[in-house]
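Trainee: Let me give you the structure first, and then I'll get to my questions.
Numbering (our numbering), first residue to last: 15 to 165.
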């Protein structure tokens with residue numbers, strides 16, 4: 015993955031370009047660790063050679079995996095980065111389009127880029143923190159008063 019800072023200051027903006035074979039969630043996570051990002055939000059477009067999306071099944075408290083084993087266009091990639099414990103965590107959703115024009119969407123679990131994925135990542139001056147929610151059995155962004163996460 016290639017990266018470039020587009021703006022500096024209290025809020026930084028980066029362009030990240032994933033290349034063929036890159037795994038985008040891992041690339042975003044590695045970048046967040048390198049840059050010591052405590053928060054961020056991103057959007058992207060491009061294409062995957064294959065992808066596994068997820069649908070959160072509330073009754074099972076787990077993701078139903080939706081594998082797509084073909085070339086798809088990334089019509090929309092959106093997500094955020096927040097700290098969970100002491101490390102950044104990526105939460106991303108994607109909508110992908112197949113050759114026949116049908117679209118599939120969900121939580122981005124796994125993907126392989128082909129040929130490119132262009133991501134614009136914005137790091138605001140504050141930080142976000144995820145806390146485990148026992149009802150959902152997921153780490154969710156905590157925005158309550160008095161939490162150590164600030165927006």
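C-beta: ideal position from N, C-alpha, C; glycine also.
Can you have a look at residue 105 and say buried or exposed, based on whether 16 or more other CB atoms are within 10 angstroms of its CB?
Mentor: Position 91 of the chain shown, counting from 1, holds the residue named residue 105. Buried, by the Cβ-count rule.
Trainee: Would the segment 73 to 83 and the segment 38 to 58 be scored as touching if the rule is three or more Cβ pairs under 8 Å?
Mentor: no
Trainee: When we look at the beta-carbon of residue 19 and count the other beta-carbons within 10 Å, is it buried (16 or more) or exposed?
Mentor: Here residue 19 refers to the residue found at position 5 when the chain shown is read from its first residue. Of the other Cβ atoms in all chains shown, fewer than 16 fall within 10 Å of the Cβ of residue 19; this residue is therefore exposed.
Trainee: Does the segment 127 to 136 come close enough to the segment 22 to 32 that 3 or more CB-CB pairs lie under 8 Å?
Mentor: yes
Trainee: Just to confirm my understanding: we take residue 147, look at its own chain, exclude 5 residues before and 5 after, and list those with CB closer than 6 Å. What are they?
Mentor: Stepping through the chain shown from its first residue, residue 147 is reached at position 133. For residue 147, where only same-chain residues beyond five positions count, the Cβ hits under 6 Å are 154.
Trainee: Looking at C-alpha atoms only, which residue of 58, 84, 130 is the closest neighbour of residue 66?
Mentor: Within the chain shown, the letter at position 52 stands for residue 66. The residue with the shortest Cα to Cα distance from residue 66 is 84.
Trainee: Which residues does DSSP list as the beta-bridge partners of residue 137?
Mentor: Translated into positions along the chain shown, residue 137 becomes position 123. According to DSSP, residue 137 bridges with 26.
Trainee: Quick one, which of 96, 98, 68 has its alpha-carbon nearest residue 118's?
Mentor: Taking the chain shown and counting its residues from 1, the one referred to as residue 118 is at position 104. Nearest Cα to residue 118 within the set 96, 98, 68: 68.
Trainee: What runs of the beta strand (DSSP E), each 3 residues or longer, lie entirely inside the segment 81 to 130?
Mentor: Complete beta strand (DSSP E) runs here, min 3: 86 to 98, 101 to 111.
Trainee: Starting from residue 47, follow the alpha helix (DSSP H) in both directions and report where the run begins and ends.
Mentor: For the purposes of this step, residue 47 is taken as residue 33 along the chain shown, with counting starting at 1. From DSSP, the alpha helix (DSSP H) with residue 47 extends over 38 to 49.
Trainee: Would residue 108 and residue 131 be called neighbours here (beta carbons separated by less than 7 Å)?
Mentor: Mapped onto the chain shown, residue 108 falls at position 94. Mapped onto the chain shown, residue 131 falls at position 117. The answer is no: Cβ separation not under 7 Å.
Trainee: Give the secondary structure of residue 34 by DSSP, where H, G and I count as helix, E and B as strand, and everything else as coil.
Mentor: As a first step, residue 34 is located in the chain shown; it is residue number 20 there, counting from the start. Assignment of residue 34 by DSSP, reduced to helix, strand and coil, places it in the coil class.
Trainee: What's the call for residue 62, buried or exposed, on a 16-neighbour Cβ count within 10 Å?
Mentor: As a working note, residue 62 is residue 48 in the chain shown. Burial call: buried.
Trainee: Whole angstroms is fine: what's the gap from residue 92's alpha carbon to residue 124's?
Mentor: Start at 1 with the first residue of the chain shown, and residue 92 comes out as number 78. Start at 1 with the first residue of the chain shown, and residue 124 comes out as number 110. When rounded, the separation of the alpha-carbon atoms in residue 92 and residue 124 is 14 Å.
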